[in-house]
Amino acid sequence: MSGLDWFVLAATLVGIVAYGVWRGRGSHDLGGYLLADRKMRWPTITISIMATQASAITFLSTPGQAYADGMRFLQFYFGLPLAMIVLAATAVPIYHRLKVYTAYEYLERRFDTKTRTLAASLFLVQRGMAAGLTIYAPALILSVLLGWNLMLTNLALGALVVIYTASGGAKAVGYTQTLQMLIIFLGFGTALVFILNSLPEGISLLDAAVVAGKMGKLNAVDFSFDLSSRYNFWSGLIGGFFVALSYFGTDQSQVGRYLTGRSIAESRTGLLANGMVKIPMQFAILFLGAMVFVFYLFAAPPVFFNPVEVNRMHSGAYAEEFRGVESQFEAASGIRQARARELVKAHREGDGAAEVRAVQGLREAEAGTKVIRADAVALIRKNDPAAQTSDTNYVFLSFVLGHLPIGIVGLVLAAIFAASMSSTSAELNALSSTTSVDFYKRFVERIGTEEGAAAAAGRREVLVSRGATIFWGAFAIGFAEYASRLGSLIEAVNILGSLVYGTILGIFLVAFYLKHVGGTAVFAAALVAEVAVVACFLFTDISFLWYNVVGCLSVVGVSLVITSLGKGTPAPVKART
Amino acid sequence: MSDLDERPPFRGSWPLLYAIVFLNLVALIALFTWFTHAFE
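Residue numbers (this note's numbering), protein chains in the order written: chain Z, 6 to 582; chain Y, 701 to 740.
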């Protein structure tokens with residue numbers, strides 16, 4: 006990386022932290038610190054919602070996923086706009102009217118303390134680990150680029166986020182997210198332009214799309230119904246709907262974003278605007294990955310995209326064999342490139358028969374490279390059984406470092422860091438909110454009746470929230486150490502979320518719509534549902550998107566059964582928050 | 701003030717806004733279905 010790249014990256018990081026500290030100053034009570042005094046307008050809310058969901062994992066892993074598996078991951082987001090409509094119409098007015106700080110406060114008002122505490126605890130565990138993955142992704146980039154110790158890199162990146170999030174709370178999070186999204190759009194927009202310009206002379210965007218399509222990389226929609234297929238239209242629409250309903254309706258990292266709205270109308274519009282722009286944004290990121298695939302059809306890719314593992318092979322016991330595999334791969338890539346050119350030529354000439362033969366030839370050449378790549382992965386595993394054998398997350402990074410010009414590399418890396426910081430800051434703010442409101446304020450705090458006691462309590466609550474932010478930052482950094490043992494990061498986060506999202510969603514759906522079901526019934530149902538979801542994960546090959554459906558319907562069904570048997574406590578409990 | 705009394709930040713009603721988001725989804729799915737088949 007050049008000096009200019011380093012300057013762009015460092016200036017961006019310092020600028021974000023300084024801007025966050027500056028904009029977040031002046032919060033003296035919990036309303037200001039956790040909810041930005043409820044003064045945000047809808048464009049800021051939309052950007053904040055998008056920036057919270059789109060982490061560095063999104064920008065690192067998604068193009069790699071398109072490179073390896075095509076664009077079918079897009080379908081995961083098909084249920085999202087429908088969830089936005091449902092939440093805008095139902096959850097937003099309830100949360101606003103009750104003036105809650107967290108989604109889980111509502112559960113105590115509707116059910117009881119144990120249900121609120123169960124949901125808040127599930128959130129803390131899941132989101133604490135997810136925050137670790139959010140920090141880990143860009144830390145991985147630095148460790149690969151510079152050979153830094155991964156633990157120290159995690160620590161440095163996590164600390165930058167903690168500084169402005171602990172300092173300024175929700176205000177700092179919201180305002181920095183606007184700046185971060187600007188950097189993200191600029192960085193990835195520029196990368197896409199450069200990728201298209203990097204295609205060989207004579208290969209147009211249409212040619213690239215034809216080649217990508219024939220190789221199955223533009224498979225954005227698949228209507229076949231298969232429960233074991235991870236991404237198809239039905240799992241995306243139904244499973245994705247439940248995921249989005251749960252994530253945006255019950256996950257404090259998102260609920261906290263639209264609770265900052267100055268009115269119901271602002272919060273609603275913020276959610277609905279997100280429902281309109283999310284799918285096109287994901288399409289653009291996936292398309293970028295598909296174009297990287299086409300680029301590497303015409304320019305020989307490395308046999309394995311993780312340069313750390315490749316360097317270890319070059320200096321290890323199997324160096325000679327590995328170099329042999331690399332030579333074979335280079336030769337096979339040359340054949341593949343020739344086949345790709347034949348396909349472009351046949352398509353341009355409109356020769357249907359030649360095009361069919363060219364597609365067949367290109368697919369055979371691609372299969373040949375895959376066999377050689379599998380040999381390389383087997384050697385890597387033989388050299389070190391604990392080595393990372395999934396390189397999906399390195400595909401885009403490898404392209405950026407190897408083929409983008411000076412300055413643009415720094416800009417794209419800055420965009421990746423901005424994405425990581427935007428998600429992590431919102432997650433830490435939400436973890437802090439839940440810890441201070443649902444545990445400290447609920448179980449520990451005692452406010453006296455003397456003059457000035459309320460103001461003192463407010464300052465103490467802000468102090469506790471800052472402490473909680475720092476604690477969860479440290480927890481996330483610690484958990485990031487284990488992330489290197491997972492496969493595709495974005496899927497790991499989604500699978501992790503799906504193990505608890507369905508259950509939490511079920512609790513909230515019962516709370517919103519089944520008024521005759523009481524706290525004990527829903528609490529028992531939630532425990533049963535969680536066992537069912539974990540059993541699905543351990544003992545079946547059902548796609549993880551369906552766990553949300555299983556968890557949610559189990560809570561609703563079992564709580565209804567328990568209530569009908571007369572074992573649920575019927576009356577909602579009015580309680581302190 | 702009821703929820704429907706609180707108007708969207710720009711012209712129109714909430715049901716209209718919900719319909720726009722839904723129709724946008726339908727249009728995107730149709731567009732991406734065409735896209736998939738066009739380059740298959």
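Where is the CB? At the ideal position from N, CA and C, for every residue including glycine.
Remember, it's a predicted structure, so these values are computed and weren't measured experimentally.
Q) Can you name, in chain order, every residue of its own chain whose Cβ lies under 8 angstroms from the Cβ of Z:N154, other than the five neighbours on each side? A) Sequence index remark: in the first sequence, residue 154 of chain Z carries index 149 (1-based). S148.
Q. Which residues share a DSSP beta bridge with Z:M45?
A. The sequence position of residue 45 of chain Z within the first sequence is 40, counting from 1. Beta-bridge partners assigned by DSSP to Z:M45: Z:G266.
Q. Between Z:L79 and chain Y, is there a C-beta pair that is closer than 8 angstroms?
A. Translated into the one-based positions of the first sequence, residue 79 of chain Z becomes position 74. At least one beta carbon of chain Y lies nearer than 8 angstroms to the beta carbon of Z:L79.
Q: Report yes or no: is there a C-beta of chain Y within less than 8 angstroms of the C-beta of Z:A213?
A: Counting from 1 along the first sequence, the entry for residue 213 of chain Z is found at position 208. No, Z:A213 lies away from the interface with chain Y (no Cβ there is under 8 angstroms from its Cβ).
Q) Does the region 244-258 of chain Z come close enough to the region 99-111 of chain Z to have 3 or more Cβ pairs within less than 8 angstroms? A) Three or more beta-carbon pairs drawn from the region 244-258 of chain Z and the region 99-111 of chain Z are found closer than 8 angstroms, and the two stretches are therefore classed as touching.
Q | Closer than 7 angstroms at the beta carbon, the chain Y residues around Z:G280 | A | Along the first sequence, read from residue 1 onward, the residue named residue 280 of chain Z stands at position 275. Result: V721.
Q.
What does the alpha-carbon distance come out to for the pair Z:T51 and Z:G275?
A. On the first sequence, position 46 is the one that residue 51 of chain Z refers to. On the first sequence, position 270 is the one that residue 275 of chain Z refers to. Going from the Cα of Z:T51 to the Cα of Z:G275 covers about 4 angstroms.
Q | Continuous alpha helix (DSSP H) stretch holding Z:W27: start and end | A | Against the first sequence, residue 27 of chain Z aligns to sequence position 22. First-last of the alpha helix (DSSP H) with Z:W27: 8-28.
Q | Members of the region 526-539 of chain Z that neighbour chain Y once the beta carbon cut-off is set at 7 angstroms | A | Going along the region 526-539 of chain Z in chain order, one finds no residue with a Cβ nearer than 7 angstroms to chain Y.
(Q) So, with DSSP's three-state summary, where would you put Z:R451? (A) For the purposes of this step, residue 451 of chain Z is taken as residue 446 along the first sequence, with counting starting at 1. In the structure shown, Z:R451 falls within a coil segment according to DSSP collapsed to helix, strand and coil.
(Q) Tell me the residue span of the alpha helix (DSSP H) that contains Z:L87. (A) By one-based count along the first sequence, residue 87 of chain Z stands at place 82. Counting along the chain, Z:L87 sits inside the alpha helix (DSSP H) bounded by residues 85-94.
Q) Along chain Y, which residues have their Cβ under 8 angstroms away from the Cβ of Z:L86? A) In the first sequence, counting from the first residue as 1, residue 86 of chain Z sits at position 81. This sequence places Pro at residue 86 of chain Z; Leu is not what is there. By Cβ distance, chain Y contributes V721, F722, N724, L725.
Q) Using the C-alpha atoms, what's the distance from Z:R464 back to Z:L79? A) On the first sequence, position 74 is the one that residue 79 of chain Z refers to. On the first sequence, position 459 is the one that residue 464 of chain Z refers to. Each residue's Cα considered, the two are about 45 angstroms apart.
Q) Could you check where the alpha helix (DSSP H) with Z:E347 kicks off and where it finishes? A) Start at 1 with the first residue of the first sequence, and residue 347 of chain Z comes out as number 342. First-last of the alpha helix (DSSP H) with Z:E347: 324-354.
Q.
Quick check on the burial criterion: 16 or more other C-beta atoms within 10 angstroms. Buried or exposed for Y:W734?
A. As a working note, residue 734 of chain Y is residue 34 in the second sequence. Taking a 10 Å sphere around the C-beta of Y:W734, we find fewer than 16 other C-beta atoms and assign the residue as exposed.
**Q.** Contact with chain Z by Y:L717, beta-carbon distance below 8 angstroms
**A.** Reading the second sequence from its first residue, position 17 is the one you call residue 717 of chain Y. Chain Z contact via Cβ: present.
(Q) Spatial neighbours of Z:T195 within its chain, please: C-beta separation below 8 angstroms, excluding the five flanking residues on both sides. (A) Within the first sequence, numbered from 1, the residue matching residue 195 of chain Z stands at position 190. Exclusion of the five residues before and after Z:T195 leaves I413, L416, V417 as the residues of its chain whose Cβ lies within less than 8 angstroms of its Cβ.
Q | Selected residue, minimal CA-CA separation from Z:V467, among Z:V19, Z:G37, Z:G25 | A | Along the first sequence, one-based indexing puts residue 467 of chain Z at 462. Out of Z:V19, Z:G37, Z:G25, Z:G37 has the C-alpha closest to the C-alpha of Z:V467.
Q.
So with CB distances below 7 angstroms, who are the chain Y contacts of Z:E271?
A. Here residue 271 of chain Z is taken as the residue at index 266 of the first sequence, counted from 1. Listed along chain Y, the residues sitting closer than 7 angstroms to Z:E271 by beta-carbon distance are P709.
**Q.** Z:Q131 versus Z:A295: straight-line alpha-carbon distance, rounded
**A.** Residue numbering aside, residue 131 of chain Z sits at position 126 when the first sequence is read from its first letter. Residue numbering aside, residue 295 of chain Z sits at position 290 when the first sequence is read from its first letter. About 31 angstroms.
Q: Kindly indicate if chain Y contains any beta-carbon less than 8 angstroms away from that of Z:I243.
A: Walking along the first sequence from the start, residue 243 of chain Z turns up at place 238. Using a Cβ-Cβ cut-off of 8 angstroms, Z:I243 does not count as an interface residue toward chain Y, since no Cβ of chain Y sits closer than that to its own.
(Q) As a quick exercise: from Z:A537, Z:V554, Z:R43, pick the residue whose alpha carbon is nearest that of Z:R267. (A) On the first sequence, residue 267 of chain Z is found 262 positions in, with the first residue counted as 1. With distances taken between CA atoms, Z:R267 lies nearest to Z:R43 out of Z:A537, Z:V554, Z:R43.
Q | Simplified DSSP assignment, three categories, for Z:A392 | A | Taking the first sequence and counting its residues from 1, one reaches residue 392 of chain Z at position 387. Annotated three-state conformation of Z:A392 is coil, per DSSP.
Q: Would you kindly work out how many angstroms separate the C-alpha atoms of Z:A213 and Z:D356, rounded to a whole number?
A: As a first step, residue 213 of chain Z must be located in the first sequence, where it is residue number 208. As a first step, residue 356 of chain Z must be located in the first sequence, where it is residue number 351. If I take the Cα positions, the gap works out to 18 angstroms.
Q: Could you tell me the distance, in whole angstroms, from the CA atom of Z:V578 to the CA atom of Z:A460?
A: Numbered from 1 along the first sequence, position 573 holds the residue referred to as residue 578 of chain Z. Numbered from 1 along the first sequence, position 455 holds the residue referred to as residue 460 of chain Z. Note on Z:V578: pLDDT 43, under 50, position unreliable in the model; no value is reported.
Q) So which residues on chain Y does Z:L165 lean against when the C-beta distance must stay under 7 angstroms? A) Taking the first sequence and counting its residues from 1, one reaches residue 165 of chain Z at position 160. Neighbours of Z:L165 on chain Y: none; closest Cβ ~34 angstroms, over 7 angstroms.
Q. If we cut at 8 angstroms on Cβ distances, does Z:V226 have a partner in chain Y?
A. As a first step, residue 226 of chain Z is located in the first sequence; it is residue number 221 there, counting from the start. Yes - at least one Cβ of chain Y is within 8 angstroms of the one on Z:V226.
**Q.** Beta-carbon spacing of Z:S403, Z:P285 below 8 angstroms
**A.** In the first sequence, counting from the first residue as 1, residue 403 of chain Z sits at position 398. In the first sequence, counting from the first residue as 1, residue 285 of chain Z sits at position 280. It is not a contact, given that the beta carbons lie outside the stated cut-off.
Q) For Z:V13, which residues of its own chain have a beta-carbon under 7 angstroms away from its beta-carbon, when the five flanking residues on both sides are left out? A) By one-based count along the first sequence, residue 13 of chain Z stands at place 8. The residues are G412, G415, L416, A419.
Q) What residue range is occupied by the uninterrupted alpha helix (DSSP H) comprising Z:T545? A) To locate residue 545 of chain Z, count along the first sequence from 1; it is residue 540. From DSSP, Z:T545 is part of no alpha helix (DSSP H); its letter is neither H nor E.
Q: For the region 338-366 of chain Z, enumerate the residues whose C-beta is nearer than 9 angstroms to any C-beta of chain Y, in chain order.
A: Answer set for the region 338-366 of chain Z: empty.
Q) Taking DSSP as the reference, what is the three-state secondary structure of Y:E706? A) As a position in the second sequence, residue 706 of chain Y is number 6, starting the count at 1. Residue state, collapsed to three classes: coil.
**Q.** Coarse secondary structure for Y:W734, derived from DSSP in three states
**A.** For this step, residue 734 of chain Y is matched to residue 34 along the second sequence. Y:W734 falls in the helix class under three-state DSSP.
Q: Counting only the same chain and skipping the five closest in sequence on each side, list residues whose C-beta sits under 7 angstroms from that of Z:L548.
A: Here the question's residue 548 of chain Z lines up with position 543 in the first sequence. The sequence shown places Ser at residue 548 of chain Z, rather than the Leu named in the question. Within its own chain, the residues whose Cβ lies closer than 7 angstroms to the Cβ of Z:S548, once the five positions on either side in sequence are excluded, are L232, S233, S234, R235, S240, listed in chain order.
(Q) Less than 8 angstroms between CB atoms is the rule here; does Z:A612 satisfy it with respect to chain Y? (A) Chain Z is shown only over 6 to 582; residue 612 of chain Z falls outside these bounds and no answer can be derived.
Q) Got a sec: which bits of the region 285-312 of chain Z sit with their beta carbon under 8 angstroms from any beta carbon on chain Y, in order along the chain? A) The region 285-312 of chain Z vs chain Y, Cβ under 8 angstroms: P285, F288.
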